[in-house]
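Residue numbers (full-length UniProt numbering), protein chains in the order written: chain A, 1 to 268; chain B, 1 to 348.
Working notes for the structure below.
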Amino acid sequence: MLTAEGISYKIGQNTLVKDISFSMRPGELLLVLGANGAGKSTLLRMLSGEKKSSCGHIKLYQKEISDYPPQELALKRAVLNQQNIVTMAFSAEEIVMMGRYPHYKNNPGQTDLNIIDEVLQLCGITSLRTRSYLSLSGGEQQRVQLARTLAQIWDIPGALLLLDEPVAALDVQYQQQTLAIARQLAKRGFMVLGILHDINLAAQYADRILMLKKGRKWYDGSPAEVLSSKSIYEIFEIDSDIYTNPRTLKHFFIPKDVPIELNNQISI
Amino acid sequence: MVKQRVFLYLMLSGLLISSAVLSLCVGAVGIPLKEVLVILGKKFGLFSQWPVSAQYEGVLNIVRIPRVLLGLLVGAALGISGAAIQGIFRNPLAEPSLIGISAGASLMAVLIIVLELSLFAALSNLLGYYLLVFGAFAGAGIASLIVYQLSRNEGKSNVATMLLAGIAINALAGALTGLVTFAADDHQLRNITFWMLGSLAGATWETVLAISPFVMIPLLLLPPMGKALNTFALGELQASQLGLKINKVKRNIVILSTMAVGASVAVSGIISFVGLLVPHTVRLLIGVDNKQVLPASALCGALMLTLADMLCRTLLAPVELPIGVITALLGTPLFLYILVKDKKKLVL
Chain A
1 MLTAEGISYK
11 IGQNTLVKDI
21 SFSMRPGELL
31 LVLGANGAGK
41 STLLRMLSGE
51 KKSSCGHIKL
61 YQKEISDYPP
71 QELALKRAVL
81 NQQNIVTMAF
91 SAEEIVMMGR
101 YPHYKNNPGQ
111 TDLNIIDEVL
121 QLCGITSLRT
131 RSYLSLSGGE
141 QQRVQLARTL
151 AQIWDIPGAL
161 LLLDEPVAAL
171 DVQYQQQTLA
181 IARQLAKRGF
191 MVLGILHDIN
201 LAAQYADRIL
211 MLKKGRKWYD
221 GSPAEVLSSK
231 SIYEIFEIDS
241 DIYTNPRTLK
251 HFFIPKDVPI
261 ELNNQISI
Chain B
1 MVKQRVFLYL
11 MLSGLLISSA
21 VLSLCVGAVG
31 IPLKEVLVIL
41 GKKFGLFSQW
51 PVSAQYEGVL
61 NIVRIPRVLL
71 GLLVGAALGI
81 SGAAIQGIFR
91 NPLAEPSLIG
101 ISAGASLMAV
111 LIIVLELSLF
121 AALSNLLGYY
131 LLVFGAFAGA
141 GIASLIVYQL
151 SRNEGKSNVA
161 TMLLAGIAIN
171 ALAGALTGLV
181 TFAADDHQLR
191 NITFWMLGSL
201 AGATWETVLA
211 ISPFVMIPLL
221 LLPPMGKALN
231 TFALGELQAS
241 QLGLKINKVK
251 RNIVILSTMA
261 VGASVAVSGI
271 ISFVGLLVPH
281 TVRLLIGVDN
291 KQVLPASALC
301 GALMLTLADM
311 LCRTLLAPVE
321 LPIGVITALL
331 GTPLFLYILV
341 KDKKKLVL
């Protein structure tokens, strides 16, 4: 169980997250949508325990997130960050192994090695395992980081998995694959919370969608409940049409053209 | 994998021991290998009835053995601290002499040399050395704190700022050292010049004893932190998400490595580029896993300094080259090579 009760985050005069409450349980894939600057990443960083809420409570399994010692928290939640800059030429496998670091002291056990094999395969990077991380493409690096994050909580049922824009650097095949993995993990009993920019991808995979605007929770519900021309206009300020996929009965949206007139007088 | 590693460590240790023994043989007075081995053996109660030349024994005991031991300690200290500092700064160019840590240490050391004779004249020799080592340690610590704080931006290390901060600290420490030299007498002046170039010529049993604890503690405590240091390569945020108390780890690693750098600067001056050359060579040989890189850098550093010291005693014998000249000659091309190779990556 993850519960947020009235959490807010302020920097100086700016309130980045305002009075958000929600809860989620194991088995759920919750995807967060919102325009740039809506507070999605800040919310995720509060849930990960990195940023402290200025009021309210965040509880992971009835225990305040800030009360967890770092080591214990690392065994209950894993985070895939938006930006991952690695500075030394570690191999892909060594990077993924770092996800198991909280589980062993000096040398990895057989369980750790097996888990590495599993997540490498799941993320489709078994063939890259001995390659230097620095020589990989952006998308490959992203999948290595996903594998590392999965390795961290692979054998911990009910753990929290936080994904900050997990598909940003990926092509369409791996976007689908990543979200499919996220959905499978939720089915296996993890709590998966992710931030996405792609509304259709969210509609396709999410059990539940949270829409944020100006740091507040604006909509919260199943894709069918929250996706409408009205809600998308409120959140993203674009006009769109919502359709239903006749085969899967899931919603998808198509944006309308945005009229922009360039002034000819502007000299370059 | 494991076998390879064991082989590598055995090979390094073998090379290290043989070059140390060889280094005992060469110098202004050449000593035959057999004599060296016999004299060393006597220390462990072997060959007690074998005759040895008193002159050779004297040279070995008073000059050579402390010098070789000092080279081993200083080399190991510079090698391991170079590797650790690069890990914690998340930056392959973070090298103690380059980013001003050594300069901070040397400034404090010079200050103490000039002030000590008047203030602490009553202190015995060894205590005086300890004071020197502590001073250098403090100087190194302050310098690394300044560079670290300056080069951080939202949890990321900025290479350009780090190197520029290093230039600033080097220049400031250089200027202040120059200023202090005006207050120095002739004897102190000679000591100070030797700081600037780096040399093992000041080796005595006192200096060896003085820095031993300050080098041995980091040598023992840093290698077990290799796993923690690895996660720093992912980023500080990522490391903390993996359950690492990053501030504690950072503090410990910075204290231990500046302790090693400070101690070696206090007795041998600024020997530049060892902290760059050694970890890079090690990473080329065995990969970047810090669990291996840290101990291997200590071994390689000791090996490299022993060889370099041997060179500077024999190249222009009987005149002696400062060891810093040799390491800089070897290190600068490597530094430039890394700069060119990583030109794109260094602009963060």
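Even for Gly, the Cβ is constructed at its ideal location relative to N, Cα and C.
Tell me whether residue 260 of chain A is buried or exposed, calling it buried when 16 or more other Cβ atoms sit within 10 Å of its Cβ.
By one-based count along the first sequence, residue 260 of chain A stands at place 260. Residue 260 of chain A should be labelled exposed.
For a cutoff of 7 Å on Cβ pairs, would you count residue 86 of chain A as touching chain B?
As a working mapping, residue 86 of chain A is identified with position 86 in the first sequence. Yes, contact with chain B.
Could you tell me which residues DSSP pairs with residue 255 of chain A in its beta bridges?
Taking the first sequence and counting its residues from 1, the one referred to as residue 255 of chain A is at position 255. A:240.
Determine, using beta carbons only, whether residue 2 of chain A comes closer than 7 Å to chain B.
Position 2 of the first sequence, counting from 1, holds the residue named residue 2 of chain A. Judged by the 7 Å Cβ criterion, residue 2 of chain A is not in contact with chain B.
Could you give the residue range of the alpha helix (DSSP H) that holds residue 236 of chain B?
Counting from 1 along the second sequence, the entry for residue 236 of chain B is found at position 236. Note, residue 236 of chain B: alpha helix (DSSP H), 236 to 241.
Classify residue 146 of chain A as buried or exposed, calling it buried when 16 or more other Cβ atoms lie within 10 Å of its own Cβ.
Indexing the first sequence from 1 puts residue 146 of chain A at position 146. Residue 146 of chain A is buried by the Cβ-count criterion.
Counting only Cβ-Cβ distances shorter than 9 Å, please list the residues of the segment 67 to 92 of chain A near chain B, keeping chain order.
Of all residues in the segment 67 to 92 of chain A, 69, 70, 71, 72, 73, 74, 75, 77, 78, 79, 81, 83, 84, 85, 86, 87, 88, 89, 90 and 91 have a Cβ within less than 9 Å of some Cβ in chain B.
Which residues of chain A have a Cβ atom closer than 7 Å to the Cβ of residue 288 of chain B, listed in chain order?
Locating residue 288 of chain B in the second sequence gives position 288, counting from the first residue. Near residue 288 of chain B (Cβ distances below 7 Å), the residues of chain A are 88, 89 and 90.
For a contact defined as C-beta to C-beta under 9 Å, what are the partners of residue 140 of chain A on chain B?
Taking the first sequence and counting its residues from 1, one reaches residue 140 of chain A at position 140. In chain order: nothing, as chain B lies at least about 16 Å away.
Using a Cβ cut-off of 8 Å, which residues of the segment 93 to 114 of chain A contact any Cβ in chain B, in chain order?
Hits within the stretch, in order: 94, 95, 98, 99, 101, 102 and 106.
Along chain B, which residues have their Cβ under 7 Å away from the Cβ of residue 48 of chain A?
As a working note, residue 48 of chain A is residue 48 in the first sequence. Within 7 Å Cβ-Cβ: 241.
Give me, in chain order, the residues of the same chain whose beta-carbon lies closer than 6 Å to that of residue 282 of chain B; leave out the 5 immediate sequence neighbours on both sides.
Here residue 282 of chain B refers to the residue found at position 282 when the second sequence is read from its first residue. So the list reads 293, 296, 297 and 300, once near-sequence residues are dropped.
Taking residue 225 of chain A as part of the alpha helix (DSSP H), name the residues at either end of that continuous run.
Within the first sequence, residue 225 of chain A is the residue found at index 225, counting from 1. Counting along the chain, the alpha helix (DSSP H) containing residue 225 of chain A begins and ends at 223 to 226.
Taking Cβ positions only, does residue 90 of chain B come closer than 7 Å to chain A?
The residue given as residue 90 of chain B occupies position 90 in the second sequence. Output row for residue 90 of chain B: interface = yes.
For residue 35 of chain A, which three-state DSSP category applies?
Position 35 of the first sequence, counting from 1, holds the residue named residue 35 of chain A. Correct three-state label for residue 35 of chain A: coil.
Of all the residues that make up the segment 221 to 238 of chain B, which are near chain A by a beta-carbon distance shorter than 7 Å?
Flagged, chain order: 227, 230, 231, 233, 234, 235, 237 and 238.
With a threshold of 7 Å on Cβ separation, who are the neighbours of residue 86 of chain B within its own chain once the five nearest residues in sequence on each side are excluded?
The sequence position of residue 86 of chain B within the second sequence is 86, counting from 1. Around residue 86 of chain B: 92, 94 and 279.
7 Å is my cut-off, CB to CB: does residue 245 of chain B come that close to chain A?
Locating residue 245 of chain B in the second sequence gives position 245, counting from the first residue. Yes, because at least one Cβ of chain A sits closer than 7 Å to the Cβ of residue 245 of chain B.
For residue 113 of chain A, write down the residues that DSSP places opposite it in a beta bridge.
Taking the first residue of the first sequence as position 1, residue 113 of chain A is located at position 113. Answer by DSSP bridge pairing: none, since residue 113 of chain A is not bridged.
On a CA-only basis, which of B:80, B:52 and B:187 is nearest residue 214 of chain B? Give me that one, please.
Against the second sequence, residue 214 of chain B aligns to sequence position 214. If we check each option's Cα against that of residue 214 of chain B, B:80 comes out closest.
By DSSP's criteria, residue 164 of chain A is part of a beta bridge. Which residues make up the other side?
Mapped onto the first sequence, residue 164 of chain A falls at position 164. A:195.
Identify which residue in B:233, B:327 and B:275 has its Cα closest to the Cα of residue 84 of chain A.
In the first sequence, counting from the first residue as 1, residue 84 of chain A sits at position 84. Selected option, being the one with the closest Cα: B:233.
Could you tell me the alpha carbon to alpha carbon distance between residue 178 of chain A and residue 144 of chain A, rounded to whole angstroms?
Numbered from 1 along the first sequence, position 178 holds the residue referred to as residue 178 of chain A. Numbered from 1 along the first sequence, position 144 holds the residue referred to as residue 144 of chain A. Roughly 12 Å separates the two Cα atoms.
Exposed or buried, what is residue 122 of chain B when buried is set at 16 or more other beta-carbons lying within 10 Å of its beta-carbon?
On the second sequence, residue 122 of chain B is found 122 positions in, with the first residue counted as 1. Low local confidence applies: a pLDDT of 47 at residue 122 of chain B is under 50, so the model's placement there is unreliable, and no value is given.
In three-state terms, what does DSSP make of residue 85 of chain A?
The sequence position of residue 85 of chain A within the first sequence is 85, counting from 1. Coil, per DSSP.
Measure how close the beta-carbons of residue 172 of chain B and residue 181 of chain B come, nearest whole angstrom, since I'm counting them as under 8 Å.
Walking along the second sequence from the start, residue 172 of chain B turns up at place 172. Walking along the second sequence from the start, residue 181 of chain B turns up at place 181. About 15 Å separates the two Cβ atoms, so there is no contact after all.
May I have the straight-line CA-CA distance separating residue 231 of chain B from residue 75 of chain A, to the nearest angstrom?
Locating residue 231 of chain B in the second sequence gives position 231, counting from the first residue. Locating residue 75 of chain A in the first sequence gives position 75, counting from the first residue. Approximately 16 Å between the Cα atoms of the pair.
Going by C-alpha distance, which of B:22, B:30, B:23 and B:60 is nearest residue 39 of chain B?
Looking up residue 39 of chain B in the second sequence gives position 39. The candidate whose alpha carbon is nearest that of residue 39 of chain B is B:60.
Go to residue 77 of chain A, then tell me how far its beta strand (DSSP E) extends in each direction, as first and last residue.
Looking up residue 77 of chain A in the first sequence gives position 77. Its beta strand (DSSP E) spans residues 77 to 80.
Taking Cβ-Cβ distances shorter than 7 Å, what residues in chain B pair up with residue 173 of chain A?
The count along the first sequence starts at 1 and reaches residue 173 of chain A at position 173. What residue 173 of chain A touches in chain B: nothing, since even the nearest Cβ is about 26 Å away.
Give me the DSSP bridge partner(s) of residue 177 of chain B.
Indexing the second sequence from 1 puts residue 177 of chain B at position 177. Answer is none; residue 177 of chain B lacks a bridge partner.
Note down the Cα distance separating residue 91 of chain A from residue 2 of chain B, rounded to an integer number of angstroms.
Sequence index remark: in the first sequence, residue 91 of chain A carries index 91 (1-based). Sequence index remark: in the second sequence, residue 2 of chain B carries index 2 (1-based). So the alpha carbons of these two residues sit roughly 17 Å apart.
DSSP state of residue 218 of chain A, grouped into three classes?
Locating residue 218 of chain A in the first sequence gives position 218, counting from the first residue. In the structure shown, residue 218 of chain A sits in a strand (DSSP, three-state: E or B).
Suppose you measure from the CA of residue 10 of chain B to the CA of residue 108 of chain B; what does that come to, to the nearest Å?
Along the second sequence, read from residue 1 onward, the residue named residue 10 of chain B stands at position 10. Along the second sequence, read from residue 1 onward, the residue named residue 108 of chain B stands at position 108. C-alpha separation (whole angstroms): 38 Å.
Can you give me the C-alpha to C-alpha distance between residue 337 of chain B and residue 258 of chain A, rounded to a whole angstrom?
As a position in the second sequence, residue 337 of chain B is number 337, starting the count at 1. As a position in the first sequence, residue 258 of chain A is number 258, starting the count at 1. Whole-angstrom Cα-Cα distance: 51 Å.
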